[in-house]
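Protein chains: 4
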Amino acid sequence: MSHNTFGKNLRFTSFGESHGSTIGCVLDGFPPGMPITPEEIKHELRRRATGRSKHTSQRREQDDVQIVSGVFEGVTTGHPIALIIENTDAKSKDYSNIATQIRPGHGDYSYWKKYGIRDYRGGGRSSARETTMRVAAGALAKKWLKKQHGIEITAWLSQIGDIQLQAGDLSKIDDSPFFTGEINRVPELEEFMHKLRKSGDSVGAAISAKAVNVPAGWGEPVYGKLDAELALAMMSINATKGVDIGAGFDSVAQSGSVHRDEIIDGEFQSNHAGGILAGISTGQDITLKVAFKPTSSLRLPAQSINEAGEPVTVVTKGRHDPCVGIRAAPIVEAMMALVLMDHGLRHHAQINSNQHTFE
Amino acid sequence: MSHNTFGKNLRFTSFGESHGSTIGCVLDGFPPGMPITPEEIKHELRRRATGRSKHTSQRREQDDVQIVSGVFEGVTTGHPIALIIENTDAKSKDYSNIATQIRPGHGDYSYWKKYGIRDYRGGGRSSARETTMRVAAGALAKKWLKKQHGIEITAWLSQIGDIQLQAGDLSKIDDSPFFTGEINRVPELEEFMHKLRKSGDSVGAAISAKAVNVPAGWGEPVYGKLDAELALAMMSINATKGVDIGAGFDSVAQSGSVHRDEIIDGEFQSNHAGGILAGISTGQDITLKVAFKPTSSLRLPAQSINEAGEPVTVVTKGRHDPCVGIRAAPIVEAMMALVLMDHGLRHHAQINSNQHTFE
Amino acid sequence: MSHNTFGKNLRFTSFGESHGSTIGCVLDGFPPGMPITPEEIKHELRRRATGRSKHTSQRREQDDVQIVSGVFEGVTTGHPIALIIENTDAKSKDYSNIATQIRPGHGDYSYWKKYGIRDYRGGGRSSARETTMRVAAGALAKKWLKKQHGIEITAWLSQIGDIQLQAGDLSKIDDSPFFTGEINRVPELEEFMHKLRKSGDSVGAAISAKAVNVPAGWGEPVYGKLDAELALAMMSINATKGVDIGAGFDSVAQSGSVHRDEIIDGEFQSNHAGGILAGISTGQDITLKVAFKPTSSLRLPAQSINEAGEPVTVVTKGRHDPCVGIRAAPIVEAMMALVLMDHGLRHHAQINSNQHTFE
Amino acid sequence: MSHNTFGKNLRFTSFGESHGSTIGCVLDGFPPGMPITPEEIKHELRRRATGRSKHTSQRREQDDVQIVSGVFEGVTTGHPIALIIENTDAKSKDYSNIATQIRPGHGDYSYWKKYGIRDYRGGGRSSARETTMRVAAGALAKKWLKKQHGIEITAWLSQIGDIQLQAGDLSKIDDSPFFTGEINRVPELEEFMHKLRKSGDSVGAAISAKAVNVPAGWGEPVYGKLDAELALAMMSINATKGVDIGAGFDSVAQSGSVHRDEIIDGEFQSNHAGGILAGISTGQDITLKVAFKPTSSLRLPAQSINEAGEPVTVVTKGRHDPCVGIRAAPIVEAMMALVLMDHGLRHHAQINSNQHTFE
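Chains as they are written, first to last, in UniProt numbering: chain F, 1 to 359; chain A, 1 to 359; chain C, 1 to 359; chain V, 1 to 359.
Put into structure tokens, the structure is as follows:
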């Protein structure tokens, strides 16, 4: 049917549709004793928000998140933390003319085939609106990882269309709407987006990310590997088509003598592994890259069918991002945080569980 | 600690180490009523086996699989199917000289950091020996998918080092040890491998795969998406570093008007989506690609440390594949089969669950 | 930490504290296509509500449930159904004087020891307020079971203190606040409760329940047995101390020749098994009984400690039921419905999964 | 279909049929670093074994358990521990005459209805033979609980037919085949069993159990409560019909002023709660009681049907226990150990996860 929970020891469950009254999530398994405020969550939500620049959808949601459970006197209690946001700027009428149309490249076709019923308003459950709750929950996971282990997670735009971008100065990624550390290339990106928007077309993007200070030993072989669960997490984000861990697909053409990260004087000499060996963290930076496909909702007409199977020409006039990947950086960070915290909690279980002094 | 179960409705649990007495698995949730024989499983095991050609490890396991439960009078009963194989050609002495060495690029470092104890014989639990059981269980899933839905899964070598390979004639992939349908290029591959083996180095590989005849509607949004669970499955295989679904990373540079698969006369005009939209199958071929890193065990010396933290030079003399990816095709097929069957069973639950005639 | 999800294919997750702003739940895995209205849910909530009679807590919640996701144009979509209720009559000041006291027989002691932090207002997360959401979700499961399979579930009061009650006319259980089919004994129960309330003390209760028309074949051996999951469900309800399936503890003194339910002319001659053999339904009525302990919150003083470990005398003045078991019947029904629907969905998976015609 | 895994962080999966070649289990999530030997497991298996006295089935299995994975040089590695036992004394011919008969009170009917196929030999998967593996895995959990926390678990016979037994001297329970601490009443029990066996009939039994030294704070509200998971565990054992926690069903007739366990001078004055409040351990003894139904396999004829629906008279001549509950004590101990260790591991996760020093 559907499966809306992610994680094992830290379990995140989201609910809500793009144009429903409310979206929300439940974060279960979060330890007691950590102070949290709605403002900390809103800080992350603003990073993800639409309407931040002219390059993203102009839907403007307040994302006024409420913490409705699991926190008492400002501190987590160990009980499920429910977060809810009321949708305020859902313009369902934008979609009424395409209620029975199957938009190419969207979940319309597969949802219709699977469920026989479809909330067509803005993609319903398949909308990226759902990722708001990932970012909200991720804000709590990021705080815990930072406080408990000094872990910091950063995601940045590393490719848009055929433009490649380096990490640059990652402290600058929030200074532009492009989540790039190559801040001097922002004008180039602005120009690129300007032309793209005029063309009516869209492009894909790649987001790279890293987590620093992850302790060695996190990850559960062989079906709860850290890299495998990161791949699951990334591929669960809307519009993703590929995931690299460390050197990723580039490792295919590498030789083993180059790829294997040698250790000299106790220091790894490279990090092609992306900080993960055999599914377990090594203490090096965890690095990954995620491919996002181009937006499918375009004002350029596309051939498709309607629910009656008749040919239709689909033209989308709603508010859409010409490159959905631009805003994906905070979502990638959030999912990385949820995966890492989940593994951190599992690893903590081991620490006190095998210090035997057997005779 | 460890997490050795994969799947939700069809649950696969494996156990055993490379040089332990026995490896095995339990496949739980398999429907009753399907005839199976050990020979059908052995057929798939032989496709994966080492020692098939001079290009793979020379360890020769009989892989004499026994079905010890869940089958009565040759037919599945609906109860857990346990499969076991006794290890017969485990040469543990090969490894004794490196018992305390940390081999670069292997799980030695991370296992040691995590567990504080390590079965160093042939990689212990982190060895690809474990994938034998995936192939064994996958043989049953493949049969069920074929019989119940006509689904067929094929994986082939699409890149080795910097050599790109097309699908070619996929009916020929078992005719060479390279799992390639470009059968006329086998001499070129032989030559490549010959030089590689002489160099003492290794290379990575990419395996592509497709499943045909998967019905539309399989997959569970939003955290049990078909593509996300395929990514988890692929990234759980030893030595994987990347996963593409459909156009994968190539979709980053595509324009939306190209990527979205338009429908004319009821037919999709392309399949950049890889048969999955919003996490649910569309009825098109499911396509994916997996990156395998180069083998790390080389006779070329590498700098590393031992468990005392002292610098050591590691030279591996055991029996290893110069390109582990070559043999990965049957493993990719098996994992694809386990994921698809799991989703098939979940989807079947829906079929009889929502044919309401409500007034 | 905490684990707030119940069920495998139908997953129910609840959140919220007794005196928090909002309580709610997410019901994931519900099939698409079933019409539901808030009014249907409210009907069940009123059956459970406090303040219905003078024998229950006088807290009066409107329980104005909102369906905030998973339903489109009045019909389920197959996506997570989130239900939320705002708490309106939470009188937290009632509890301020006992903020640091450990009330005997409550979760105060164990929550304090586990979490080190405690929402003392009305029991916080450990309050029976949480069961409101079970009843809400159970209303949907009951409807599905009825429509899809004709299954009906009824729970009634079978013991209160030392008063034993027969099933009587179960169509009458909603005619009194006692959930009894022995409607002519209501005056006796009123008298009993009157004396009890005057005494300041409390008593326990037993609730019996049955489900009729459950098809044979539901249940998953050996760790997803129908009876075992019913026991888990019942024992998860606040204040429960025991569960009987079928003849339950009475079967200890039975002889095997009596207990085993013989079949004559195709009909079971008795139902000591409670409709479940080896964890799987037989098609007979599913029957069970649940023991509820007496309310621990009394105006009669009790010796205890505070969080500083100092001796205190606890006197509870809040609004409490002198017999919590009285209102438990709808909760037992709801949990039974959630378990049965979960198993129904799992069973449906099998129906289409093993109709092989193998040659 | 079937669900053969128990536990969340410590996951136990069993496989095998009564008269299959092999039974076994996989214990996943067990911490590294604990020495174990087959002999320690065999010690517990002998306590459960049939053929120990004339009061139990005369099937004599060697139960020569092999540890085939997860242990290296005698010490657990943190990887899945697989245990297997080859069946040696399975006399399948005993059952051939009843291959198509539905034995009343057994899983024959429900398995047949569910699966349409049935391993009729000795009950197949529904046989109590499966509990051998629970006891084997339980032996490891008991050792861990003892070493890590000083926890000790003891189960004893507290009722057989209508004979009630006190705990007596629990250090003596292994001195007779009756698992009773009332060692002076063994002659009475012998006499009772002698008459019972002559009658050809059977009786039920109740097993009581306690765990001492369980730390406060174990258990996960609200759907992973310690008592609820104990109830699930107990009800998953063959032939169980009821579970009491603490005062259990007796609490129905108790008054609240008696039931609630007051604290004077820091000491609980009673333990009606059975060591669990709101699903979390209090540090008091965990106490429970389990009801076992009488054996259904009797030489006394019973009316039933065969798989063709025709009336048959069933007479069972195989080797059966006249009171299955007698041997259940070690199984109850094992399941209690698995539940407690699972919760212990979950609790350990919390210990290092919330010691924040937030400014």
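Every residue gets a Cβ at the ideal spot worked out from N, C-alpha and C, and that includes glycine.
None of the values given here were measured: they were computed from a predicted structure.
Around the beta-carbon of I264 (chain V), fewer than 16 other beta-carbon atoms lie within 10 Å, marking it exposed. Short of 6 Å from the beta carbon of I41 (chain C), and not among the five residues preceding or following it, lie these beta carbons of its own chain, in chain order: V65, A136 and A139.
Inclusion of W218 (chain C) and H343 (chain C) in the CB contact set at 8 Å is warranted, their separation being smaller than that value. For a cut-off of 8 Å, the C-beta gap from K114 (chain A) to I117 (chain F) is around 46 Å, too long to register as a contact. Cα atoms of A328 (chain C) and S304 (chain V): separation of roughly 38 Å, rounded to the nearest angstrom. In the DSSP assignment, K241 (chain A) falls outside any alpha helix (DSSP H) and within the unbroken beta strand (DSSP E) covering T240 to I245. For W156 (chain F), the uninterrupted beta strand (DSSP E) run begins and ends at E152 to I160, by DSSP. Counting along the chain, G344 (chain A) sits inside the alpha helix (DSSP H) bounded by residues A329 to I351.
Note on geometry: alpha-carbon atoms of G181 (chain F) and F249 (chain A) lie some 21 Å from one another. Distance from E61 (chain C) to N97 (chain C) at the Cβ level is roughly 23 Å; contact not present, criterion being Cβ atoms closer than 8 Å. Straight-line spacing of the CA atoms in V332 (chain C) and L288 (chain V) works out to 21 Å. One thing to note: A278 (chain C) has its Cβ no nearer than 8 Å to the Cβ of S296 (chain V). Counting only residues of its own chain and dropping the five nearest sequence neighbours on each side, N9 (chain C) has a CB closer than 8 Å to the CB of G29, D342, L345, R346 and A349. For A349 (chain V), the chain F residues whose Cβ falls inside 8 Å of its Cβ are N9, L345, R346, H348 and A349, in order along the chain.
Contact residues of the segment 10-37 of chain V toward chain F are P31, P32, G33, M34 and P35 (C-beta to C-beta distance below 7 Å). Measuring C-alpha to C-alpha distances from H320 (chain A) to each of A:E267, A:K210, A:L196 and A:A206 identifies A:L196 as the nearest.
Interface with chain F (8 Å Cβ-Cβ cutoff): I263 (chain A) is included.
Put simply, the CB of S281 (chain F) is far from chain V, with every gap to its CB atoms at 8 Å or more. Contacts with chain C at 8 Å (Cβ-Cβ) do not include S69 (chain A).
Taking a contact as a CB-CB distance under 8 Å, the pair A334 (chain V) and L145 (chain V) does not count as one, their CB atoms being some 11 Å apart. Under the 10 Å beta carbon count, T13 (chain V) is surrounded by 16 or more other beta carbons and is classified as buried. With fewer than 16 other beta carbons inside 10 angstroms of its own, P311 (chain A) counts as exposed.
With its beta carbon at least 8 Å from every one in chain V, Y223 (chain A) lies outside the interface. In the DSSP annotation of this structure, the continuous segment of the beta strand (DSSP E) that includes I84 (chain C) starts and ends at I81 to E86.
For A278 (chain V), no alpha helix (DSSP H) encloses it, and the DSSP letter there is neither H nor E. About 7 Å separates the beta carbons of G24 (chain C) and I85 (chain C), which is inside the 8 Å limit, making them a contact pair.
Going by DSSP, L288 (chain V) is part of the beta strand (DSSP E) stretching over I286 to F292. The DSSP-derived three-state label of Q62 (chain C) is coil.
Residues of the segment 170-193 of chain C with a C-beta less than 9 Å from any C-beta of chain V: none at all. According to DSSP, I263 (chain V) shares a beta bridge with V:F268. Neighbours of N4 (chain V) in chain C, taken as residues whose beta carbon is under 9 Å from its own, are E220, P221, V222, Y223 and G224 in chain order.
Annotation for G168 (chain C): G181 and E182 place their beta carbon closer than 6 Å to its own, counting only its chain and skipping 5 residues before and after.
Relative to the Cα of V290 (chain A), the nearest Cα in the group F:C323, F:V243 and F:K54 belongs to F:V243.
Secondary structure at S236 (chain C): coil, using DSSP grouped into helix, strand and coil. Shown here for F179 (chain F): same chain residues with a beta carbon closer than 6 Å to its own, the five before and five after excluded, namely W156, L157, I173 and A329 in chain order.
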